[in-house]
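Single-structure report; data block below.
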Amino acid sequence: MEVRVLLGAVDSSIIQSDAVVAIDVLRSSTTILTALANGAASVIPAASTDEALTMGERFKAVVGGEVNSVKPPMFQLGNSPLEYVWERIRGKTVVLYTSSGTRLLRFLMAVSKRVLVGAVVNVSPLVEHLEKAGFDRVTIITAGKIGSPALEDSYCAGLIVKNLPWRKCDRNAEIVMKIAELNVDVVKKSLHALELVKLGLEKDVEYSLTPDTIMVVAAADPFKGCIRLP
Numbered sequence: 003m004e005v006r007v008l009l010g011a012v013d014s015s016i017i018q019s020d021a022v023v024a025i026d027v028l029r030s031s032t033t034i035l036t037a038l039a040n041g042a043a044s045v046i047p048a049a050s051t052d053e054a055l056t057m058g059e060r061f062k063a064v065v066g067g068e069v070n071s072v073k074p075p076m077f078q079l080g081n082s083p084l085e086y087v088w089e090r091i092r093g094k095t096v097v098l099y100t101s102s103g104t105r106l107l108r109f110l111m112a113v114s115k116r117v118l119v120g121a122v123v124n125v126s127p128l129v130e131h132l133e134k135a136g137f138d139r140v141t142i143i144t145a146g147k148i149g150s151p152a153l154e155d156s157y158c159a160g161l162i163v164k165n166l167p168w169r170k171c172d173r174n175a176e177i178v179m180k181i182a183e184l185n186v187d188v189v190k191k192s193l194h195a196l197e198l199v200k201l202g203l204e205k206d207v208e209y210s211l212t213p214d215t216i217m218v219v220a221a222a223d224p225f226k227g228c229i230r231l232p
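Below, the structure is given as structure tokens:
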């Protein structure tokens, strides 16, 4: 397996990759995985707040997400994974809009063969899935924060790469493997993590940086434009 890592940016390598893993630890990847693990039928990533509301009405879906980490007034839920509990979403479609993660997913779903959602909370099942699938080329892409790499996303990418049976990796993969050696308490002080703490969302940070609490894999369904359990 050949592994490449793109930090807060994309390039043409994603077209040649057998699988692409999209990471936005704080918080859209974690929220998507939590929603699906708690019984949501699917999650549709939206490209804007207006689109989210339109699709929510069309599909009679639960609309969630954030703008600048805060729930928009017309949305039913925010982007906290802790809001996506069984009682609220079981059997329902969720439409999610976030500042970085869902827009990245929308782009990748349009150009990539296979798109998977990665987060700290599902590293082990994701690694197992990638290994068993026998992919030759895997690209891991971090959403970052406003176009810049985010420490927590790089940390997650490193955890994934460290556990994959790769035979070749690029320089970024080597860098994130070093970042994955950091104490998680350091990662909890990343720029975005501290922004969330200031908003009173420290429980989101703790939850999102706890490994392997969600033992599922989430993949894009390109024909239906949604993310679901395989």
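Following the numbering used here, the numbering of the sequence shown begins with 3 at its first residue and continues without gaps.
For glycine and all other residues, C-beta sits at the position ideal for the given N, C-alpha and C.
The structure presented is a predicted model; accordingly, all values stated were derived computationally and were not measured.
Sequence-distant residues of the same chain with beta carbon closer than 7 Å to residue i, five excluded per side
| i | result |
| --- | --- |
| V218 | L35, L38, A39, N124, P127, L231 |
| E197 | S71 |
| L84 | K205, D206, Y209 |
| I91 | A37, N40, G41, A42, V64 |
| L132 | A21, V140, L166 |
| W88 | N40, G41 |
Residue from the options with nearest C-alpha to residue i
| i | options | result |
| --- | --- | --- |
| I181 | C171, G103, K164, A112 | K164 |
| K147 | I91, R29, K73, E133 | R29 |
| A121 | E197, E4, V5, V207 | V207 |
| P224 | R169, L107, R173 | L107 |
| A175 | K115, T104, I142, A49 | I142 |
| P213 | V5, L161, R6 | L161 |
| I25 | V178, N185, E59, K205 | V178 |
| S150 | G103, L201, M3, G227 | G103 |
| N185 | K200, C158, D172 | C158 |
| L8 | C171, A195, H194, A54 | C171 |
| G227 | V113, R6, V5 | V113 |
| G10 | R105, L211, E183 | R105 |
| R6 | R173, L55, F61 | R173 |
Length of the line joining the Cα atoms of residue i and residue j
| i | j | result |
| --- | --- | --- |
| S44 | I229 | 6 Å |
| A145 | V27 | 9 Å |
| R169 | S31 | 27 Å |
| K115 | V23 | 11 Å |
| E233 | P75 | Lying before the first or after the last residue shown, residue 233 is absent from the chain, which here runs from 3 to 232. |
| M1 | E130 | It is not possible to answer for residue 1, since the shown part of the chain is limited to 3 through 232. |
| E183 | L211 | 14 Å |
| S50 | F77 | 12 Å |
| Y99 | K134 | 31 Å |
| V199 | L55 | 28 Å |
Contacts around residue i, its chain only, beta-carbon distance under 8 Å, and the 5 residues preceding and following it disregarded
| i | result |
| --- | --- |
| Y86 | T33, T36, A37, N40, A42, G66, L79, V96 |
| F109 | V12 |
| V63 | The sequence shown places Ala at residue 63, rather than the Val named in the question. Excluding positions up to five away in sequence, the list reads I46, M57, K94, T95, V96, V97. |
| L203 | S71, S82 |
| E59 | none |
Spatial neighbours of residue i in its chain, beta-carbon cut-off 6 Å, leaving aside the 5 residues before and after
| i | result |
| --- | --- |
| I216 | L35, A39, V123, N124 |
| A222 | M111, V117, I229 |
| K73 | G80 |
8 Å contact criterion, which residue i and residue j should meet: CB distance rounded
| i | j | result |
| --- | --- | --- |
| V119 | A220 | 4 Å |
| S15 | E68 | The pair is not a contact, with the Cβ atoms about 29 Å apart (cut-off 8 Å). |
Exercise for the section: State whether the stretch 189 to 208 contacts the stretch 154 to 164, with contact taken as three or more CB pairs (one from each stretch) at a distance under 8 Å. Expected result: yes
Exercise for the section: Please confirm if the stretch 127 to 144 is in contact with the stretch 11 to 23, defined as three or more CB-CB distances below 8 Å between the two stretches. Expected result: yes
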